[in-house]
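K.L.:
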Ligand SMILES: NC(=O)C1=CN([C@@H]2O[C@H](COP(=O)(O)OP(=O)(O)OC[C@H]3O[C@@H](n4cnc5c(N)ncnc54)[C@H](O)[C@@H]3O)[C@@H](O)[C@H]2O)C=CC1
Ligand SMILES: O=C(O)CCC(=O)C(=O)O
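In structure tokens, the structure reads:
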């Protein structure tokens, strides 16, 4: 176990150099599995540091955008190779710093590497279209140009995948980047940036700055030289970021919450449905914006599904994510633990029936970590707070319905619309679900979580600013279209 005295120190990365915050202030990044364990000492930067990072990105953008796409792609391939060499170390850091289990952290790091390679290849793909002009002597076509400097504000729940799925397309399309990670996962972010440094990106193309959200995050959103802001996190902060960007005419992209439903139809394969509900709802301790939170079950199979679900949830081993037998790690920070516990309390007060969990685990060995039991509520009604607000924890709310129409209506009864899934063997059910479900991701006989890097990702309603990330869709945010008209 590290103490703050002998913990490694991580710096900002600005203009190709590692530097301490000019404020002289630092903070500790601690392990949620044991709050006395310090993973690293991180910088608490101020507005001057931020300005240096933005100016270095602005300076570097002039040369970076002039490189050919395939040449930019080469740097991304090198970053991917550097990350691959350090996969185990980065994954272990992620587990220590935010709590998800080591196999999940390894999977996420491998996903980060695959995303880098996908966007490295993007440097060789087409960027425009030829459009027939009404003038027979003219050539009309579209091309795309980068936005300029892109500010990346990232959360702690996917500390490798989210920064990379934002930075990789930004860079591939010719932007330069200032990354502001969540303080909870600043050490993991520093290790990613070490891989970018090793790849030899020109100075200023990639910058890392850590600090408070209200100072560095808000500062990025408000900075006049930041041309695009891409954010993932809470609804409240996302809206603030969007408003700050809008006020000065910058482009922005927000990926926020979810209240994702799974529908269990009367004709579902119940074992498959239980597996998908447990995995979708409780992996990563429910801290995914795509996590299953509302479980809408047709009355014919309600009791049978409930019993099978409880049998599986009872088997879950909660513990330190570094230990092989652990299935579910702690919440990522104390705030998150308190939020989850307060929602559980609210559920009880509102009259939902607690079937399993509901508090912190009893084991003495877990008392210094931010652990919570996997929790299942029965008799949840659609209007209850636990059926409406994002909990971001391992809490499943069972809702009983009679018909498929009622199931889809219940599934749509939320302010969010990120992901939704259905378990059914009926073509009629799945067609209605695909057509009528208001969500950016609709999944059939598969859990709500799980995003493929080559497909568009984003939500409807309050879940996003209506743009899409990942896959080819990323080009829409990270570039601007130019329509070119050439007359001979
Ligand atoms: N959609 C998602 O994937 C995520 C959703 N959340 C939701 O947000 C809730 C709270 O988690 P937090 O970590 O507090 O999320 P948050 O929205 O405060 O943090 C996300 C990022 O925004 C930054 N930030 C904070 N205040 C800012 C500001 N005023 N201006 C600009 N950037 C700012 C943070 O430093 C972090 O990098 C969770 O309980 C969950 O419901 C949290 C993380 C990820
Ligand atoms: O389900 C996934 O893999 C991605 C989830 C996600 O983007 C998030 O939680 O922010």
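In full-length UniProt numbering, the protein residues as written are 1 to 488.
For every residue, glycine included, the Cβ atom is placed at its ideal position computed from N, Cα and C.
Only a predicted model underlies this, so the values are computations on that prediction, with no experimental measurement involved.
Could you round the C-beta distance between residue 50 and residue 219 to whole angstroms and report it? I think they count as a contact, below 8 Å.
P.N.:
In this structure, residue 50 and residue 219 form a Cβ contact; the two beta carbons are roughly 5 Å apart against a cut-off of 8 Å.
K.L.:
Please indicate yes or no: does the CB of residue 288 lie closer than 6 Å to some heavy atom of ligand 2?
P.N.:
yes
K.L.:
Do you know offhand how far residue 453's Cα is from residue 488's?
P.N.:
42 Å
K.L.:
Smallest Cα separation from residue 208: which of 148, 69, 186?
P.N.:
186
K.L.:
Which full runs of the beta strand (DSSP E) of 3+ residues lie inside the segment 30–81, going along the chain?
P.N.:
34–43
K.L.:
I need the boundaries of the alpha helix (DSSP H) containing residue 378, first residue and last residue.
P.N.:
Element bounds for residue 378: not the alpha helix (DSSP H) but the beta strand (DSSP E), 375–378.
K.L.:
Cβ atoms of residue 332 and residue 99: under 7 Å apart, would you say?
P.N.:
Against a cut-off of 7 Å, the Cβ pair of residue 332 and residue 99 comes out as a contact.
K.L.:
Let me know if residue 372 comes out buried or exposed under the rule of 16 or more other beta-carbons within 10 Å of its beta-carbon.
P.N.:
By the neighbour-count rule (16 or more Cβ atoms within 10 Å), residue 372 is buried.
K.L.:
What residue does the alpha helix (DSSP H) around residue 248 start on, and which one ends it?
P.N.:
That residue, residue 248, is in no alpha helix (DSSP H); it is neither H nor E in DSSP.
K.L.:
How close, in whole Å, do the beta carbons of residue 33 and residue 320 come, if the pair is a contact with beta carbons under 8 Å?
P.N.:
Contact holds; Cβ gap of about 4 Å.
K.L.:
Answer yes or no: do residue 496 and residue 97 have a C-beta to C-beta separation smaller than 7 Å?
P.N.:
No information on residue 496 is available, as it lies outside the stretch 1 to 488 that the chain covers here.
K.L.:
Please confirm if the segment 434–441 is in contact with the segment 413–424, defined as three or more CB-CB distances below 8 Å between the two stretches.
P.N.:
yes
K.L.:
Assuming residue 284 and residue 104 make a contact with CB atoms under 8 Å, what is their CB distance in whole Å?
P.N.:
6 Å
K.L.:
Regarding residue 253 and ligand 1, is the C-beta to nearest heavy atom distance less than 6 Å?
P.N.:
no
K.L.:
Does the Cβ of residue 234 lie closer than 6 Å to at least one heavy atom of ligand 1?
P.N.:
yes
K.L.:
Could I get the ranges of all uninterrupted alpha helix (DSSP H) runs contained in the segment 163–224, with 4 residues as the minimum, in chain order?
P.N.:
186–198, 218–222
K.L.:
Determine the closest residue to residue 433 out of 269, 261, 347, with distance taken between C-alpha atoms.
P.N.:
261
K.L.:
Classify residue 12 as helix, strand or coil using the three-state DSSP reduction.
P.N.:
Looking at residue 12 - three-state DSSP - the assignment turns out to be strand.
K.L.:
Going by the CB atoms, is the gap between residue 328 and residue 316 shorter than 7 Å?
P.N.:
yes
K.L.:
So, are the CB atoms of residue 101 and residue 292 less than 7 Å apart?
P.N.:
no
K.L.:
Using a Cβ-Cβ cut-off of 6 Å (strictly less than) and excluding sequence neighbours within five positions of residue 47, which residues of its own chain qualify?
P.N.:
Result list for residue 47: 219, in chain order.
K.L.:
So the candidates are 411, 405, 450; which of them puts its Cα closest to the Cα of residue 428?
P.N.:
405
K.L.:
For the candidate residues 340, 304, 88, whose alpha-carbon lies nearest to that of residue 359?
P.N.:
340
K.L.:
Check this for me: beta carbons of residue 482 and residue 143, under 7 Å apart or not?
P.N.:
Cβ distance < 7 Å, so residue 482 and residue 143 count as in contact.
K.L.:
Kindly confirm or deny that the segment 87–94 and the segment 300–314 touch, where touching means at least three C-beta pairs closer than 8 Å.
P.N.:
no
K.L.:
Determine the burial state of residue 299: buried for a count of at least 16 other Cβ atoms within 10 Å of its Cβ, exposed for fewer.
P.N.:
exposed
K.L.:
Whether or not the segment 234–250 and the segment 361–368 are in contact is what I'm after, with contact meaning three or more pairs of Cβ atoms, one per stretch, closer than 8 Å; do they touch?
P.N.:
no
K.L.:
Under a three-way DSSP split, which group does residue 340 fall into?
P.N.:
helix
K.L.:
Apply the 10 Å Cβ neighbour rule to residue 290 and answer buried if 16 or more other Cβ atoms are within range, or exposed otherwise.
P.N.:
buried
K.L.:
According to the Cβ coordinates, are residue 57 and residue 204 closer than 7 Å?
P.N.:
yes
K.L.:
Applying the criterion that 16 or more other CB atoms from any shown protein chain within 10 Å of the CB defines a buried residue, is residue 130 buried or exposed?
P.N.:
exposed
K.L.:
If I measure Cβ to Cβ from residue 119 and keep anything under 8 Å in the same chain, skipping five residues before and after, which residues do I get?
P.N.:
A distance below 8 Å between beta-carbons, with the five flanking residues on each side excluded, links residue 119 to the following residues of its chain, in chain order: 73, 76, 168, 169, 171, 172, 474.
K.L.:
Shorter than 6 Å, the distance from the beta carbon of residue 389 to the closest heavy atom of ligand 1, or not?
P.N.:
no
K.L.:
Give me the Cα-Cα distance between residue 222 and residue 242, rounded to the nearest whole angstrom.
P.N.:
10 Å
K.L.:
Work out the CA separation of residue 217 and residue 165 for me, nearest whole Å.
P.N.:
18 Å
K.L.:
Any heavy atom of ligand 2 closer than 6 Å to the CB of residue 332?
P.N.:
No; taking the cut-off as 6 Å, the Cβ of residue 332 has no heavy atom of ligand 2 nearer than that.
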